[in-house]
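First the structure, in the form of structure tokens, and then the observations on it.
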Amino acid sequence: MYPTLFISHGAPNIILSDSKSKKNFQKLGKNLKVPKYIIIISAHYVTNDLRIISPEANKIMYDFYGFEDELYKVVYEINSDKNLTNNLIKTLKKENIDISIDESRISYDHGVWNVLALLYEKLNIPVLQLSIPYSYSPSQLINLGEKLKAFKDEAMIICSGGVTHNLGDMSYNLTSKNYAKEFSDKIKNIIENGNEDGLLNITSDINFRKNHPSSEHFLPLFIAFGNANNKKGKSVNSEMQYSNISMESFIFDENKENLKDLKWY
């Protein structure tokens with residue numbers, strides 16, 4: 001059984017940085033067994049109902065602007081797989097999860113390749129990307145994660161988003177903003193204690209909308225939580241960037257033999 005990851009992916013240029021988060025994600029990747037394939041959910045692919053990208057997908061998109069020229073020259077080899085895509089659809093439909101192929105989605109957004117490039121410098125396995133179904137409630141997202149457990153013996157499920165994501169209030173001040181730090185600490189406590197009720201009720205928290213003017217970056221955490229057999233996640237990164245962007249990230253169902261002695265930056 002492979003672990004489940006929730007990665008707060010931060011800004012696209014994290015791969016050019018020398019940040020603690022980059023070092024932690026690279027260290028994590030070096031200590032993860034490579035699965036047969038990856039199923040990934042990114043905050044940058046939102047649809048009304050559940051979709052999966054075209055099995056012909058084999059390139060990355062530069063879905064951002066205003067960053068270093070070097071970032072637009074990054075090359076990362078990646079591809080999907082027709083048989084695995086069809087099997088995933090068939091399996092979920094048997095569980096009464098409606099899903100269809102999005103033929104127009106033929107490339108991977110930076111929430112996918114940015115994370116994978118940090119974990120795996122080169123990746124020679126298929127990557128299937130699911131959308132975030134915006135019509136789903138938090139409990140339905142957790143249920144989707146539960147149904148994706150059927151793939152954990154062969155695939156690693158990675159959910160890419162952000163514990164906080166208020167770009168309008170970012171700054172280069174090194175001091176963390178209280179509303180972001182308090183919320184990030186609360187999420188860490190919820191995940192480390194496997195508190196499902198706390199997670200389901202988090203959208204009513206006084207700091208939720210301050211940290212998430214729109215919720216797409218937080219929604220992947222519900223799926224990751226549902227996908228975990230052991231609901232108690234372990235923090236693998238706790239850096240705060242740009243004063244309010246929490247890079248808090250978690251591993252669920254980790255292989256303790258591989259990770260027990262790791263020290264994070």
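Residue numbering for the sequence shown follows the working numbering, starting at 1 and increasing by one per position.
Every residue, glycine too, gets a C-beta built ideally from N, C-alpha and C.
Q. Checking contacts by CB at 8 Å: is Arg105 closer than that to chain B?
A. Although the question refers to chain B, the structure presented lacks it and comprises just one protein chain.
Q.
Quick check on this structure: which residue in Tyr172, Leu148, Ser235 and Ala224 has the alpha carbon closest to the alpha carbon of Glu95?
A. Leu148
Q. Helix, strand or coil: how does DSSP classify Gly161 here?
A. strand
Q) In this structure, does DSSP put Phe250 in helix, strand or coil? A) strand
Q. Just the Cα atoms here: how many angstroms apart are Asp81 and Glu56?
A. 7 Å
**Q.** Local Cβ density within 10 Å of Asn244, reported as buried at 16 or more and exposed below that
**A.** Label assigned to Asn244: buried.
Q: Determine the DSSP secondary structure at His44, reduced to helix, strand or coil.
A: strand
Q) Near Ser176, what residues of its chain come up, given a Cβ to Cβ distance below 8 Å and the 5 sequence neighbours on each side ignored? A) Met240, Ser243 and Asn244
Q) Applying the criterion that 16 or more other CB atoms from any shown protein chain within 10 Å of the CB defines a buried residue, is Asn166 buried or exposed? A) Asn166 comes out buried.
**Q.** Beta-carbon gap between Ser184 and Thr203 smaller than 8 Å
**A.** no
Q: Can you give me the start and stop residues for the beta strand (DSSP E) that Ser204 sits inside?
A: Unbroken run through Ser204: none, as it is neither H nor E.
Q.
With a threshold of 8 Å, are at least 3 pairs of Cβ atoms found where one atom belongs to the segment 26-43 and the other to the segment 122-130?
A. yes
Q: Closer than 8 Å by C-beta to Asn79: which residues in its own chain qualify, once you throw out the five before and the five after it? Chain order, please.
A: Ala57, Asn58, Pro126 and Val127
Q) Would Met1 be called buried (16 or more neighbouring beta carbons within 10 Å of its own) or exposed? A) exposed
Q | Pairwise C-alpha distance: Asp253 and Arg105 | A | Straight-line Cα distance between these residues: approximately 31 Å.
Q) Quick one, are the C-beta atoms of Asn114 and Ile14 less than 8 Å apart? A) Cβ atoms of Asn114 and Ile14: closer than 8 Å.
Q: Determine the burial state of Glu248: buried for a count of at least 16 other Cβ atoms within 10 Å of its Cβ, exposed for fewer.
A: buried
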